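**Student:** This is the structure, below, for whatever I ask next.
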Amino acid sequence: MSHEQFQHCIDECLKCMQACNHCYDACLNEEHVAMMKECIRLDRDCADMCAFAAQAMSRNSLYAKELCRICADICEACGNECKKHDHAHCQQCAEACFSCAKACRTMAG
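For what it's worth, UniProt numbering labels the leading residue of the sequence shown as 1, then goes sequentially.
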C-alpha cells in the first residue's frame, strides 16, 4: 500500500498528535494539575503513538496496519479520559482522538 492510500489516516494522526500536545501543555497549566495526571499521561502516549503511526504509514511499513490498530486503542483511551474534563482543550482533544481512532480502525481493516 502506498503512502497516498494512507493519506487520510496520516492526516488524522497528525491532527490528533497536535491536539494531544496542546492538551498536554494546557493541562500542565491548570490550577489543579494533579487531577489532570492521567489526562497528561495519555496525551503524551497518544501524541507519540500518532506520530509513530503517521511515520510508519508514510514509509509503507510492513507493520502499519498493526500500528494503526494500537494507535486506535490509545486514541480511544485518551479521548475517553479527555472527555471527562470540561476544559475546552480536553474536549477538542477528545474529538481529535475519536476521529483518529475511527480512521486508524478503518486503515487497520
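For every residue, glycine included, the Cβ atom is placed at its ideal position computed from N, Cα and C. The model shown is predicted, which means the values in this text are computed figures rather than measured ones.
On the CB-based measure, 16 or more other CB atoms within 10 Å of its CB, does ASP43 come out buried or exposed?
**Tutor:** It is buried - the Cβ of ASP43 has at least 16 other Cβ atoms within 10 Å.
**Student:** Return the Cβ separation of HIS8 and ALA103 in integer angstroms, given the expectation that the two are a contact with Cβ distance under 8 Å.
**Tutor:** At roughly 6 Å, the Cβ-Cβ gap stays under 8 Å, so HIS8 and ALA103 are in contact.
**Student:** Output the distance between the C-alpha atoms of TYR24 and GLU81, rounded to the nearest integer angstrom.
**Tutor:** Distance between the alpha carbons of TYR24 and GLU81 is about 12 Å.
**Student:** For GLY79, count neighbouring Cβ atoms within 10 angstroms of its own Cβ and tell me buried if that reaches 16, exposed if not.
**Tutor:** So GLY79 counts as buried.
**Student:** Between CYS71 and MET35, is the Cβ-Cβ spacing less than 8 Å?
**Tutor:** Not a contact, by the Cβ cut-off of 8 Å.
**Student:** So for GLU31, helix, strand or coil by DSSP?
**Tutor:** Correct three-state label for GLU31: coil.
**Student:** Let me know if ALA88 comes out buried or exposed under the rule of 16 or more other beta-carbons within 10 Å of its beta-carbon.
**Tutor:** With fewer than 16 Cβ atoms within 10 Å of its Cβ, ALA88 is classed as exposed.
**Student:** Which value, in whole angstroms, describes the spacing of the CA atoms of ILE74 and GLN18?
**Tutor:** For ILE74 and GLN18, the distance between alpha carbons rounds to 15 Å.
**Student:** Nearest-angstrom Cα distance between ALA94 and ALA101?
**Tutor:** Roughly 10 Å between the two C-alpha positions.
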